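Colleague:
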Amino acid sequence: MSTSEVSPETPLDKGQRAEAAIPTNVRVYLGLSGKTQKALGEALGVTKSAMSMKMCGKVGWSVSDLVTTADFLGVTPSALMDDTILSKAEAGYAKSAEYGVFAEKPGALVGAGSPRFLVSPFNPDAPVEGGISGAAKGALAGFVPSGVLSGSGSPAMSSKHDGIGGSGRSQAHETLGTMTTVIMRTTEGSITINLFDDKAPNTVANFLGLATGEKEWADPYTGQPSHGKFYNGLTFHRIIKQFMIQGGCPLGTGTGGPGYEFDDEIDPSLKFDKPYLLAMANAGLRRGMDGKVHGTNGSQFFITTVPTPWLDGHHTIFGEVADDDSKKVVDKLEALDTDPMDRPLEPAVILSVDVAE
Numbered sequence: 001m002s003t004s005e006v007s008p009e010t011p012l013d014k015g016q017r018a019e020a021a022i023p024t025n026v027r028v029y030l031g032l033s034g035k036t037q038k039a040l041g042e043a044l045g046v047t048k049s050a051m052s053m054k055m056c057g058k059v060g061w062s063v064s065d066l067v068t069t070a071d072f073l074g075v076t077p078s079a080l081m082d083d084t085i086l087s088k089a090e091a092g093y094a095k096s097a098e099y100g101v102f103a104e105k106p107g108a109l110v111g112a113g114s115p116r117f118l119v120s121p122f123n124p125d126a127p128v129e130g131g132i133s134g135a136a137k138g139a140l141a142g143f144v145p146s147g148v149l150s151g152s153g154s155p156a157m158s159s160k161h162d163g164i165g166g167s168g169r170s171q172a173h174e175t176l177g178t179m180t181t182v183i184m185r186t187t188e189g190s191i192t193i194n195l196f197d198d199k200a201p202n203t204v205a206n207f208l209g210l211a212t213g214e215k216e217w218a219d220p221y222t223g224q225p226s227h228g229k230f231y232n233g234l235t236f237h238r239i240i241k242q243f244m245i246q247g248g249c250p251l252g253t254g255t256g257g258p259g260y261e262f263d264d265e266i267d268p269s270l271k272f273d274k275p276y277l278l279a280m281a282n283a284g285l286r287r288g289m290d291g292k293v294h295g296t297n298g299s300q301f302f303i304t305t306v307p308t309p310w311l312d313g314h315h316t317i318f319g320e321v322a323d324d325d326s327k328k329v330v331d332k333l334e335a336l337d338t339d340p341m342d343r344p345l346e347p348a349v350i351l352s353v354d355v356a357e
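Structure below.
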């Protein structure tokens, strides 16, 4: 190697990596500690906008900032500069780009073979508006929500306030004989959810098993089996206004899962005819080594914020937000500012998921 070449192991490169890792690690430790970015900003004595700039990597972290933040989070400064988690996240995004994101069927999350779990915000069957169909909008906009293109009154994207599937439970849901209620505590408040045990028993059992730690899952970083409470400390990594909030990825990239997959559990009596439904994210259907087509459900889920009928038959509905206070929390999460990739600028953390007593 010539003296003009810079080795990946030079102190300069290590320093740059350490600085780049700080915002990612701060988000992780904020989630694990249950503390908020707002409170950290107050501890640092900076404004909300300045704190957001720091978390986006647009403003650097001084030594004083680093020491104060480490003390606030109860960790060491070196822990905040460790680039292990950042490297894993970058690897996940690179893998996503390698596969690309292509829908295999109308309304599907992603085509077979893709590792990303994306819910399509576009209704391919929406009426043509301005000479452009819902499917074409999706292609032209690169998955920008149709509500942004055509306004909240667009037939391609109904508003949660338009009276469709009004408050209360649908007739299909009234027939359920068994329901488990869980409380999902987030950085924006608690969401009470009724799970549809009778309609999607396997999906509900998987969700509860991961939430309580009773079901074994594989650590995405080490591959080692774990019985920890899977959802604690994860985030809502993808938020699209007038559509849905998505969480449950252990990598925070939309590419992770529990280390296994299982089939859809579609009940024809359950429809995406109103907002605040809990459903499984998936990556389409895949053909396994046995030659059969299998589902790709794992740990990722989403909560709708408007009626989304184009998702009918493509995703397992297995619960519903239970009350108005919980719906307001979903609305707060939906309203968070996001980047062009629909990732929240401030971490929206799932603190815990517990079965209600």
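Residue numbers for the sequence shown follow full-length UniProt numbering, so the first one is 1 and each next one is one higher.
Backbone N, C-alpha and C fix where the C-beta goes; we use that ideal spot for every residue, glycine too.
Computed from a predicted structure; not experimentally measured.
Which term fits H237, buried or exposed, when burial requires 16 or more other beta carbons within 10 angstroms of its beta carbon?
Modeller: As a position in the sequence shown, residue 237 is number 237, starting the count at 1. Per the 10 Å Cβ criterion, buried.
Colleague: Please list the terminal residues of the continuous alpha helix (DSSP H) segment that includes G247.
Modeller: Locating residue 247 in the sequence shown gives position 247, counting from the first residue. From DSSP, G247 is part of no alpha helix (DSSP H) but of the beta strand (DSSP E) over M244 to G247.
Colleague: Which class does G209 belong to by DSSP, given the choice of helix, strand or coil?
Modeller: The residue given as residue 209 occupies position 209 in the sequence shown. Correct three-state label for G209: helix.
Colleague: For G209, I'd like the list of residues in its chain whose CB is within less than 6 angstroms of its CB, leaving aside the five on either flank, ordered along the chain.
Modeller: Counted from its first residue, the sequence shown places residue 209 at position 209. So the list reads K215, once near-sequence residues are dropped.
Colleague: Which class does P23 belong to by DSSP, given the choice of helix, strand or coil?
Modeller: Within the sequence shown, numbered from 1, the residue matching residue 23 stands at position 23. Note: P23 maps to helix in three-state DSSP.
Colleague: Just confirm the distance between the C-beta atoms of P307 and D273, as a whole number of angstroms; I'd bet it's less than 8 angstroms.
Modeller: Along the sequence shown, read from residue 1 onward, the residue named residue 307 stands at position 307. Along the sequence shown, read from residue 1 onward, the residue named residue 273 stands at position 273. Their Cβ separation, rounded to whole angstroms, is 6 angstroms, which keeps P307 and D273 in contact under 8 angstroms.
Colleague: Would V204 and Y276 qualify as a contact pair, given that the criterion is a beta-carbon distance under 9 angstroms?
Modeller: Here residue 204 refers to the residue found at position 204 when the sequence shown is read from its first residue. Here residue 276 refers to the residue found at position 276 when the sequence shown is read from its first residue. Result no, Cβ atoms of V204 and Y276 do not sit closer than 9 angstroms.
Colleague: Kindly confirm or deny that the segment 278-294 and the segment 336-344 touch, where touching means at least three C-beta pairs closer than 8 angstroms.
Modeller: The answer is no - the segment 336-344 does not touch the segment 278-294, with fewer than three Cβ pairs under 8 angstroms.
Colleague: Tell me the residue span of the beta strand (DSSP E) that contains M51.
Modeller: One-based indexing of the sequence shown puts residue 51 at position 51. Looking at the DSSP string, M51 is not in any beta strand (DSSP E); the run it does join, the alpha helix (DSSP H), is K48 to M55.
Colleague: Would you say the segment 304-324 touches the segment 178-193, given that touching needs at least three Cβ pairs under 8 angstroms?
Modeller: Yes: at least three Cβ pairs fall under 8 angstroms.
Colleague: So L350 and G254 are supposed to be a Cβ contact under 8 angstroms. How far apart are they, rounded?
Modeller: Along the sequence shown, read from residue 1 onward, the residue named residue 350 stands at position 350. Along the sequence shown, read from residue 1 onward, the residue named residue 254 stands at position 254. The question names Leu, but residue 350 is Ile in the sequence shown. Between G254 and I350 the Cβ distance is about 15 angstroms, and since that is not below 8 angstroms, they are no contact.
Colleague: Helix or strand or just coil, what does DSSP make of P250?
Modeller: By 1-based counting over the sequence shown, the position of residue 250 is 250. In this structure, P250 counts as coil in the three-state DSSP scheme.
Colleague: Along the chain, which unbroken stretches of the alpha helix (DSSP H) at least 4 residues long are found entirely within the segment 304-348?
Modeller: Runs found: 324-334.
Colleague: Within its chain, find whatever has a CB closer than 7 angstroms to the CB of F262; leave out the 5 residues flanking it on each side and keep chain order.
Modeller: As a first step, residue 262 must be located in the sequence shown, where it is residue number 262. Result list for F262: N202, N206, G295 and N297, in chain order.
Colleague: Just grab the DSSP bridge partners of T180 for me.
Modeller: Translated into positions along the sequence shown, residue 180 becomes position 180. Partner(s): L195.
Colleague: By the three-class DSSP mapping on this structure, what secondary structure does A279 have?
Modeller: Counting from 1 along the sequence shown, the entry for residue 279 is found at position 279. It is a strand residue.
Colleague: For the alpha helix (DSSP H) containing V67, list its first residue and its last residue.
Modeller: Here the question's residue 67 lines up with position 67 in the sequence shown. Looking at the DSSP string, the run of the alpha helix (DSSP H) that includes V67 is V63 to L73.
Colleague: Helix, strand or coil for L351, going by three-state DSSP, please let me know.
Modeller: Looking up residue 351 in the sequence shown gives position 351. Looking at L351 - three-state DSSP - the assignment turns out to be strand.
Colleague: Write down the C-beta distance between L333 and I240 rounded to the nearest angstrom, noting that I regard them as a contact closer than 8 angstroms.
Modeller: For the purposes of this step, residue 333 is taken as residue 333 along the sequence shown, with counting starting at 1. For the purposes of this step, residue 240 is taken as residue 240 along the sequence shown, with counting starting at 1. Wrong, their Cβ atoms sit about 11 angstroms apart, outside the cutoff.
Colleague: Smallest Cα separation from G15: which of G60, F301, E42 and L40?
Modeller: As a working note, residue 15 is residue 15 in the sequence shown. Selected option, being the one with the closest Cα: G60.
Colleague: With a threshold of 8 angstroms on Cβ separation, who are the neighbours of A70 within its own chain once the five nearest residues in sequence on each side are excluded?
Modeller: The residue given as residue 70 occupies position 70 in the sequence shown. Correct list, in chain order: T76, P77, A79 and L80.
Colleague: Starting from L285 and walking both ways along the alpha helix (DSSP H), at which residues does that stretch end?
Modeller: Mapped onto the sequence shown, residue 285 falls at position 285. Careful: L285 lies outside any alpha helix (DSSP H) and carries neither H nor E.
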